[in-house]
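Numbering (our numbering), first residue to last: 861 to 927.
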């Protein structure tokens, strides 16, 4: 799954440390998500969207495999 987390975070002038503190995850987790090395759990993806005050589908891009 692709994501725009780093792009959105930078546009909103939010540091990784802020996400780490608010979400209770490690900096490595945020970095891994931003770099596409891992996909967040559904709960974490919704928490990120809530924290950034954006719809989840604007941050995380899921390709429909069944089209």
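Where is the CB? At the ideal position from N, CA and C, for every residue including glycine.
- When the Cα atoms are used, residue 905 and residue 920 turn out to be separated by approximately 8 Å.
- Collapsing the DSSP output to three states places residue 874 in coil.
- Around the beta-carbon of residue 900, 16 or more other beta-carbon atoms lie within 10 Å, marking it buried.
- Residue state for residue 920 is assigned as strand, using DSSP reduced to three classes.
- Judged by DSSP in its simplified three-state form, residue 927 adopts coil rather than helix or strand.
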